[in-house]
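Worksheet: the structure to be examined is printed underneath.
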Amino acid sequence: MDATARSGETPANPSGPADAVPGQAGAAGHVNAAGQVGAAGQAGAAGQAGAAGQGDRVVGRADAVAGRGVETSQTLDRGLRLLHLVADASGGLTVTEAANQLNIGRAAVYRLVSPLIGHGMLRRDGDGRLRLGAGLLHLARRAQPLLAEGALPALRRLAEQAGATAHLTVVEGGEGVALAVVEPSWTSFHVAYRAGARHPLDRGAAGRAILAGRAGDAAPVSSSGELQAGAYGVAAPVLGVPGLEASVGVVALAPLDVDTIGPQVLAAATAVTNALR
5 MDATARSGET
15 PANPSGPADA
25 VPGQAGAAGH
35 VNAAGQVGAA
45 GQAGAAGQAG
55 AAGQGDRVVG
65 RADAVAGRGV
75 ETSQTLDRGL
85 RLLHLVADAS
95 GGLTVTEAAN
105 QLNIGRAAVY
115 RLVSPLIGHG
125 MLRRDGDGRL
135 RLGAGLLHLA
145 RRAQPLLAEG
155 ALPALRRLAE
165 QAGATAHLTV
175 VEGGEGVALA
185 VVEPSWTSFH
195 VAYRAGARHP
205 LDRGAAGRAI
215 LAGRAGDAAP
225 VSSSGELQAG
235 AYGVAAPVLG
245 VPGLEASVGV
255 VALAPLDVDT
265 IGPQVLAAAT
275 AVTNALR
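Residue numbers for the sequence shown follow our numbering, beginning at 5 and rising by one.
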């Protein structure tokens with residue numbers, strides 16, 4: 005039995021049909037398995053390559069967007085710097101002067117100037133020099149109520165403490181303009197100072213305090229009869245608010261004790277600074 009079984013398990017003819025079929029099936033099985041693996045490998049490789057390609061494209065788009073953002077920020081920064089340069093140049097600026105001060109080419113300045121002129125922020129005078137446009141005055145007027153509102157609490161306290169008319173004066177068009185005025189509530193007589201009144205910066209305590217502030221001097225400034233005979237003033241600059249030139253002060257019908265009123269005015273100017281920045 006064992007011999008027969010062993011003899012039956014050992015094929016007499018290796019090339020017989022019975023052996024050929026398993027062999028072919030095995031070969032086919034090997035080919036199919038390899039083919040499936042190969043196909044899967046190709047699909048995986050293709051998928052990875054596709055995913056990598058899509059990832060590269062996404063990263064590329066993100067880099068492009070970030071690059072445009074940086075470029076836009078730089079353009080905005082240059083445009084704002086140009087406005088400040090023109091504002092500080094009493095005689096205006098040429099395109100060449102602006103290019104030299106911004107350290108950029110003339111073509112880049114022209115690209116900045118065109119939209120700023122279109123929005124009224126800049127204008128060209130008869131000689132082609134760049135000057136501030138009326139559009140900035142519109143923005144300034146829109147901002148003035150916000151400035152006045154922020155300063156009013158400090159002005160009310162100052163008027164009551166000093167027993168004198170308190171005011172916030174700002175620079176507009178090279179002059180001092182009384183933007184907000186608060187009169188004391190308990191005095192029998194006081195100065196009626198009209199909001200909107202204008203005066204030269206080199207006359208009166210309010211204007212001279214602004215000029216002193218440009219030099220970084222925060223000390224109170226006093227005046228007597230410079231804007232109106234019989235009127236006395238003490239003022240201090242409002243410092244530390246970007247883009248704002250202003251002063252806080254009081255005006256009275258009698259001489260003011262600077263040693264007493266000065267610290268009150270300084271405290272009010274500091275309060276206005278804290279309220280506006």
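Glycine included, C-beta positions come from ideal geometry on N, C-alpha and C.
8 Å contact criterion, which residue i and residue j should meet: CB distance rounded
{"i": "valine 252", "j": "valine 262", "result": "About 15 Å; that fails the 8 Å criterion."}
{"i": "alanine 103", "j": "glycine 109", "result": "6 Å"}
{"i": "leucine 162", "j": "alanine 272", "result": "4 Å"}
{"i": "glycine 148", "j": "leucine 183", "result": "The sequence given here places glutamine at residue 148; glycine does not occur at that position. About 6 Å; that satisfies the 8 Å criterion."}
{"i": "proline 204", "j": "glutamate 176", "result": "Contact doesn't hold; Cβ gap of about 12 Å is too wide."}
{"i": "alanine 250", "j": "threonine 169", "result": "Incorrect: roughly 17 Å between the Cβ atoms, too far for contact."}
{"i": "serine 123", "j": "valine 255", "result": "It is worth fixing the name first, because residue 123 is histidine in this sequence and not serine. Wrong, their Cβ atoms sit about 38 Å apart, outside the cutoff."}
{"i": "glycine 244", "j": "arginine 281", "result": "6 Å"}
{"i": "alanine 186", "j": "alanine 235", "result": "Rather than alanine, the amino acid found at residue 186 in this sequence is valine. No, valine 186 and alanine 235 are not in contact; Cβ-Cβ is about 16 Å, not under 8 Å."}
Bridge-paired residues (DSSP) for residue i
{"i": "glutamate 176", "result": "Glu179"}
{"i": "proline 204", "result": "Glu179"}
{"i": "tyrosine 236", "result": "Ser228 and Ala256"}
{"i": "alanine 250", "result": "Val174 and Val242"}
{"i": "valine 186", "result": "Ala170"}
Span separating the alpha-carbon of residue i from that of residue j
{"i": "leucine 257", "j": "leucine 136", "result": "39 Å"}
{"i": "valine 90", "j": "serine 118", "result": "15 Å"}
{"i": "leucine 134", "j": "threonine 79", "result": "18 Å"}
{"i": "leucine 87", "j": "arginine 127", "result": "11 Å"}
{"i": "aspartate 129", "j": "alanine 112", "result": "20 Å"}
{"i": "leucine 248", "j": "threonine 191", "result": "32 Å"}
{"i": "leucine 140", "j": "alanine 216", "result": "25 Å"}
{"i": "serine 227", "j": "tyrosine 197", "result": "16 Å"}
{"i": "alanine 49", "j": "glutamate 101", "result": "With a pLDDT of only 46 at alanine 49, under the threshold of 50, the placement of this residue in the model should not be trusted, and no figure is reported."}
{"i": "proline 157", "j": "isoleucine 121", "result": "38 Å"}
{"i": "aspartate 81", "j": "alanine 199", "result": "34 Å"}
{"i": "glycine 266", "j": "glycine 208", "result": "15 Å"}
{"i": "isoleucine 214", "j": "valine 181", "result": "11 Å"}
{"i": "glutamine 105", "j": "valine 99", "result": "10 Å"}
{"i": "valine 276", "j": "aspartate 206", "result": "22 Å"}
{"i": "alanine 239", "j": "alanine 279", "result": "18 Å"}
{"i": "leucine 84", "j": "leucine 260", "result": "42 Å"}
{"i": "glycine 132", "j": "arginine 160", "result": "47 Å"}
{"i": "serine 94", "j": "glutamine 165", "result": "39 Å"}
{"i": "glutamine 268", "j": "glutamate 230", "result": "22 Å"}
{"i": "threonine 274", "j": "arginine 145", "result": "23 Å"}
{"i": "glycine 167", "j": "aspartate 92", "result": "37 Å"}
{"i": "serine 77", "j": "threonine 264", "result": "48 Å"}
{"i": "methionine 125", "j": "arginine 202", "result": "23 Å"}
{"i": "alanine 210", "j": "proline 246", "result": "19 Å"}
{"i": "asparagine 107", "j": "leucine 270", "result": "40 Å"}
Counted within 10 angstroms of its Cβ, other Cβ atoms place residue i as buried (16 or more) or exposed
{"i": "proline 188", "result": "buried"}
{"i": "threonine 8", "result": "Note on threonine 8: pLDDT 35, under 50, position unreliable in the model; no value is reported."}
{"i": "serine 154", "result": "One point to set straight first is that residue 154 is glycine, not serine, in the sequence displayed. Counting Cβ neighbours within 10 Å, glycine 154 comes out buried, since at least 16 surround it."}
{"i": "tyrosine 114", "result": "exposed"}
{"i": "proline 224", "result": "buried"}
{"i": "aspartate 219", "result": "According to the sequence provided, residue 219 is alanine. The question's aspartate does not apply to it. With fewer than 16 other Cβ atoms within 10 Å, it is exposed."}
{"i": "glycine 237", "result": "buried"}
{"i": "valine 3", "result": "The shown model of the chain, from 5 to 281, leaves out residue 3, and the question about it has no answer."}
{"i": "aspartate 221", "result": "exposed"}
{"i": "phenylalanine 193", "result": "exposed"}
{"i": "leucine 143", "result": "exposed"}
{"i": "alanine 138", "result": "exposed"}
{"i": "leucine 151", "result": "buried"}
{"i": "glycine 42", "result": "Per-residue confidence for glycine 42 stands at a pLDDT of 45, beneath the threshold of 50, marking its modelled position as unreliable; the derived number appears in the next sentence. The residue is exposed, with fewer than 16 neighbouring Cβ atoms inside 10 Å."}
{"i": "glycine 45", "result": "Confidence in glycine 45 is poor, its pLDDT being 45 and thus under 50, which makes the residue's placement unreliable; the coordinate value appears in the next sentence. Exposed, by the Cβ-count rule."}
Minimum length 4: unbroken alpha helix (DSSP H) runs contained in the segment 93–173: If we require 4 residues or more, the alpha helix (DSSP H) runs fully inside the segment 93–173 come out as 99–106, 110–122 and 138–166.
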